[in-house]
Amino acid sequence: MYKRTKFFDPNYYKFIGSWAWILHRLSGLALIFYLSLHIWVINSLTYGPDKFNEVMTFLASPLFKILEVGLWGVILFHAFNGVRVVIVDFFKGSLFHKKLFFVLIAIAFVMWAWGSYIILSHIR
Amino acid sequence: MKKNFKETSKAGAIAWLLQRISAVVLFVLLIIHYVTYHFIASGNVPWKEVAAKMQSPWFNLMQFIFLLTALYHGLNGVWMVVEDYFHSRFWRLLIFSLILVGGSGLFFVGMLTIFKVSNLNLGA
Chain A
40 MYKRTKFFDP NYYKFIGSWA WILHRLSGLA LIFYLSLHIW VINSLTYGPD
90 KFNEVMTFLA SPLFKILEVG LWGVILFHAF NGVRVVIVDF FKGSLFHKKL
140 FFVLIAIAFV MWAWGSYIIL SHIR
Chain B
36 MKKNFKETSK AGAIAWLLQR ISAVVLFVLL IIHYVTYHFI ASGNVPWKEV
86 AAKMQSPWFN LMQFIFLLTA LYHGLNGVWM VVEDYFHSRF WRLLIFSLIL
136 VGGSGLFFVG MLTIFKVSNL NLGA
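Taken in order, these protein sequences are the chains called A and B.
Just so you know, we're using our numbering here: the first sequence kicks off at 40 and counts up by one.
Just so you know, we're using our numbering here: the second sequence kicks off at 36 and counts up by one.
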């Protein structure tokens, strides 16, 4: 029969790859939740300028901009760790995947700081 | 052991490959999406600006591909997680159906937004 997978088995979390794996999973689940919200909310475009601009002004409050900064971080983590997954799977990334993790996360962090600066400058 | 649906050795291979192909496509489209929509100077994206962009058929083709790949990648990702933790035929069928129905609904709402906004007459 099947061996049931534990969602969090501390024995495996001595390695960076295990953390990358579980965080990739959790960020993925968070992102599909956000994507659903985004598709739903952006439908207000069809209600015309007044309704849409009202929604956008509501979302320009500091609370939502700070959430957006978090979202940008989650997206970048998932995207750059995803690059690592592709390199490990199709190229010989398994030989240097730990180094790769830190290099890609460093690039993601720079992009996060850059994007966050822009997002926060949009607070109304 | 009774074979469950989707549990032959090759069943997940195509999904696995498509997950990585869509990942690469999404990486590029997501950056374009962020720069064109979220990192523009005005920030508080006014309706007129969005609607003007969505008059270009090429931009809309990109939006369509973005919507499709994002939903596929996201929901296929959810399904991969579900396969790890749900083993009964009942739960798998139920969740798979929910993913299909939810995904179709979101795809429909997204396409509705693209079509309705791109058909609007900006001059009027």
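Just so it is clear, CB atoms sit at the ideal spot from N, CA and C, and this is done for glycine as well.
Could you say which of the options lies nearest to residue i if we only look at CA atoms?
i	options	result
Thr-148 (chain B)	B:Leu-133, B:Leu-110, B:Leu-128, B:Gln-90	B:Gln-90
Gly-121 (chain A)	A:Gly-56, A:Ile-162, A:Tyr-51	A:Gly-56
Ala-152 (chain A)	A:Val-127, A:Val-113, A:Gly-132	A:Val-113
Val-113 (chain B)	B:Phe-125, B:Ile-130, B:Ser-123	B:Ile-130
Trp-51 (chain B)	A:Ala-145, A:Ile-157, A:Phe-130, A:Val-125	A:Val-125
Leu-65 (chain A)	B:Ser-132, B:Arg-127, B:Met-115, B:Pro-92	B:Met-115
Ile-158 (chain A)	B:Tyr-72, B:Leu-128, B:Pro-92	B:Tyr-72
Ser-153 (chain B)	B:Val-70, B:Leu-96, B:Tyr-120	B:Leu-96
Lys-151 (chain B)	A:Gly-87, A:Ile-162, A:Leu-76, A:His-77	A:Gly-87
Val-63 (chain B)	A:Ala-69, A:Phe-119, A:Asp-89	A:Phe-119
Ala-69 (chain A)	A:Val-94, A:His-117, A:Ala-99, A:Asn-50	A:His-117
Met-146 (chain B)	A:Ile-146, A:Ser-100, A:His-63, A:Trp-79	A:Trp-79
Provide the residue span of the alpha helix (DSSP H) that contains residue i, from first to last.
i	result
Gln-98 (chain B)	92–120
Val-85 (chain B)	82–88
Ser-160 (chain A)	That residue, Ser-160 (chain A), is in no alpha helix (DSSP H); it is neither H nor E in DSSP.
Glu-67 (chain B)	In the sequence on display, residue 67 (chain B) carries Ile and not Glu. Taken as a continuous stretch (DSSP letters only), the alpha helix (DSSP H) holding Ile-67 (chain B) covers 48–68.
Thr-148 (chain B)	124–153
Under 8 Å between C-beta atoms, does residue i make it to chain C?
i	result
Ile-105 (chain A)	Within the model displayed, chain C is absent; protein chains A and B are what it includes.
If residue i and residue j are in contact, beta carbons under 8 Å, what's the gap, nearest whole angstrom?
i	j	result
Thr-104 (chain B)	Val-60 (chain B)	5 Å
His-108 (chain B)	Gln-54 (chain B)	6 Å
Tyr-73 (chain A)	Leu-110 (chain A)	6 Å
Trp-82 (chain B)	Phe-91 (chain A)	4 Å
Leu-110 (chain B)	Ile-134 (chain B)	5 Å
Leu-115 (chain A)	Ala-147 (chain A)	4 Å
Meets three-Cβ-pair contact criterion under 8 Å: the region 93–106 of chain A and the region 138–145 of chain B: no
Start-end ranges of the alpha helix (DSSP H) lying completely within the region 56–136 of chain A, minimum 4 residues: Entirely contained in the region 56–136 of chain A, the alpha helix (DSSP H) runs reaching 4 residues are, in chain order, 88–98, 101–129.
Stretch-stretch touch, CB-based, cutoff 8 Å, three pairs: the region 141–161 of chain A with the region 94–106 of chain B: no
The region 54–70 of chain A touching the region 136–149 of chain A, judged by at least three CB pairs closer than 8 Å: yes
Cβ contact check for the region 66–77 of chain B and the region 80–94 of chain A: 3 or more pairs under 8 Å: Judged by Cβ distances under 8 Å, the region 66–77 of chain B makes no contact with the region 80–94 of chain A, as fewer than three pairs qualify.
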